[in-house]
Amino acid sequence: MVTILYPRKLKRLLFPKRRRSSGFTLLELLVAMIIGSLIVIALLTLVVQLTETNQKDAARSQVQQDMQAATDFIAQELREAVFVYNGDCLQGYGPPTATTLATTCPGIINHIPTAMVSANRTPVLAFWRTKKLPAAISTLCGTAPNPQELSDSKTAGDNALVKAGVPCLAGYSYSLVVYAIDKKTPGDTWAGNARLIRYELSQFTDGATTAANQNMGYVNPLQDPTYTFQQWPYTKTLLNRQTAEALQPGRPTASLANPAVLVDFLDEKKAGDPTGPGASTTVPTPNCEEFGADATDTVGQANALTPLATSNPPRGFYACVRGGGVRTAKTTGENQEVLLVMKGNVTGQNGFNEKFDNNERISPLQTRVLIRGVVDKP
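Position 324, counted from 1, in the sequence shown is what this note's numbering calls 324; the numbers after and before it change by one each time, with no gaps.
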């Protein structure tokens, strides 16, 4: 039997129709994977950028809060101060002579530990405040014999506390406080470029139990009516009381290897430093124009700035002090006034690279403090 193949059937036998397979080709899968990867990378990049932005904002806020807390702390101490030195008397001119005694200051930095005046440390602000006597010393005062002889004069009777210069009747002694900028050095445990440290020369050592437990180089700045804060520690006869009258004679020798740090991440830039990489603007020299005797008193304005501009110190923290030198008050009985300025720098915080530190300075904080101390009180 012969089968006749029609053209259509013959075509189907010779050229069978291919069935289309389901799914994607390898090329389609590769394209889809590439597109998906790009989307994931873009999303991850966005997430990382948002995280870094939040981290940097948090770091800036934290540093600014720390600067504010430090400023408030110093302002509170200044409200308790009895005398604040301007830049001229902080720097000083060394031991006075008969001709310079009335017109210059010997300089606070010459009578505090040398560790506070090292290459990386710049004293900024110095002032005297009152400090209560230690509890053990107060107890000694209360139980001392000859209570009628407990005046604050070393010549009063034979009382041992009086001879040691203990101000039992007052119940407090004067304490010298100095703030300094401490720049970062290799091996530092602190992360910021600079920090603000605090030094205090008080009459008694920590944990003092007897009148003999006094700090080296301490002498009461007002032990005698002829003594002044500006000329401390010298007398009118040019005697250095730190070596001649102190119970523990000599210049203070604290090592300050681990000083008391008030705040980290302080800006360490100096006047003239660029405000940013490749920037044409520079950090300006602070101006204390309103702190002179008048608008033409350029010397008084320059001396009010502490520290002085002559040594071009770091300007992360500085102050303008009214009436803090020799004969600088406009009128007798003028209260001192202090303008504090503090700037932070977040370089060293998480997310901030040190090579971009010029960009990471934050806005400065300012505060004014009226001092209870009165210059040349009548």
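No residue lacks a Cβ here, since even glycine has one placed at the ideal position from N, Cα and C.
Notebook entry, point to check: With a cut-off of 8 Å, do at least 3 Cβ pairs link the segment 130–139 to the segment 200–208?
Noted result: yes
Next item on the list: State the start and end residues of the unbroken beta strand (DSSP E) segment that holds residue 197.
Entry: 194–201
Checklist line | residue 206 in three-state terms, based on DSSP | finding: coil
Next item on the list: Could you tell me if residue 123 is buried or exposed, where buried requires 16 or more neighbouring beta carbons within 10 angstroms of its beta carbon?
Entry: buried
Item checked: Cβ-Cβ separation, residue 338 to residue 362 (assumed contact under 8 Å), whole Å -> Not a contact, Cβ separation roughly 22 Å.
Notebook entry, point to check: Is residue 329 helix, strand or coil by DSSP?
Noted result: Caution is warranted here: a pLDDT of 48 is assigned to residue 329, below 50, making its placement in the model unreliable, and the coordinate value is therefore given only provisionally. Three-state DSSP puts residue 329 in coil, outside helix and strand.
Checklist line | Strand pairing of residue 128, partner residues [DSSP] | finding: 83, 176
Next item on the list: For the beta strand (DSSP E) containing residue 340, list its first residue and its last residue.
Entry: 334–342
Check: Is the CB-CB distance between residue 98 and residue 178 below 8 Å?
Finding: no
Note to self: Rounding to the nearest angstrom, what Cα-Cα distance links residue 263 and residue 254 in this structure?
What the structure shows: 21 Å
Check: Among all the DSSP beta bridges, which residues are the ones paired with residue 369?
Finding: 338
Margin query: With H, G and I counted as helix, E and B as strand and the rest as coil, what does DSSP make of residue 317?
Written below: strand
Notebook entry, point to check: Exposed or buried, which one is residue 186 when buried takes at least 16 other CB atoms within 10 Å?
Noted result: exposed
Next item on the list: Would you kindly check if the distance between the Cβ of residue 87 and the Cβ of residue 194 is under 8 Å?
Entry: no
Margin query: Within 10 Å of its beta-carbon, does residue 33 have 16 or more other beta-carbons around it, so buried, or fewer, so exposed?
Written below: exposed
Item checked: Through-space distance from residue 66 to residue 226, alpha-carbon basis -> 42 Å
Checklist line | Identity of the residue in 242, 372, 366 nearest residue 72 by Cα | finding: 366
Next item on the list: Taking residue 160 as part of the alpha helix (DSSP H), name the residues at either end of that continuous run.
Entry: 160–163
Check: Using the rule of at least 16 other Cβ atoms within 10 Å of the residue's Cβ for burial, across every protein chain shown, is residue 172 buried or exposed?
Finding: exposed
Note to self: Measuring straight from C-alpha to C-alpha, what distance separates residue 310 and residue 50?
What the structure shows: 45 Å
Checklist line | Neighbourhood of residue 307 by C-beta, 8 Å cutoff - its chain only, sequence neighbours within 5 removed | finding: 87, 90, 91, 122, 123, 124, 313, 318
Checklist line | Where the beta strand (DSSP E) through residue 261 begins and ends | finding: 260–264
Next item on the list: Take the Cβ of residue 217 as the centre, count every other Cβ of all protein chains shown within 10 Å, and call the residue buried at 16 or more, exposed below.
Entry: buried
Margin query: Can you give me the C-alpha to C-alpha distance between residue 368 and residue 283, rounded to a whole angstrom?
Written below: 22 Å
Checklist line | Beta-carbon contacts of residue 54 that lie in its chain and below 7 Å, excluding the five residues immediately before and after | finding: none
Item checked: Helix, strand or coil at residue 347 [DSSP, three-state] -> strand
Notebook entry, point to check: With a CB to CB cut of under 6 Å and the five nearest residues on each side skipped, what residues in its chain are close to residue 331?
Noted result: Interpretation of residue 331 is limited by its pLDDT of 48, a score under 50 that renders its predicted location unreliable; no figure is taken from the coordinates.
Check: Taking all protein chains shown into account, do 16 or more other C-beta atoms lie within 10 angstroms of the C-beta of residue 322, making it buried, or fewer, making it exposed?
Finding: buried
Checklist line | residue 24 classed as buried or exposed, judged by whether at least 16 other C-beta atoms fall within 10 angstroms | finding: exposed
Notebook entry, point to check: Can you name the start and end residues of the alpha helix (DSSP H) that residue 107 belongs to?
Noted result: Taken as a continuous stretch (DSSP letters only), residue 107 belongs to no alpha helix (DSSP H), as it is neither H nor E.
Item checked: Runs of beta strand (DSSP E) wholly within the segment 36–85 (minimum 3 residues, chain order) -> 81–84
Next item on the list: Sort 192, 196, 160, 191 by Cα distance to residue 182 and report the nearest one.
Entry: 196
Notebook entry, point to check: Any idea what DSSP makes of residue 114, helix, strand or coil?
Noted result: helix
Next item on the list: Can you tell me the Cβ-Cβ gap for residue 165 and residue 220, rounded? I've got them flagged as a contact below 8 Å.
Entry: 6 Å
Item checked: Nearest-angstrom Cα separation, counted from residue 176 out to residue 75 -> 15 Å
Notebook entry, point to check: Excluding the five sequence neighbours on either side, which residues of its own chain have a C-beta within less than 8 Å of the C-beta of residue 70, listed in chain order?
Noted result: 196, 262, 263, 342
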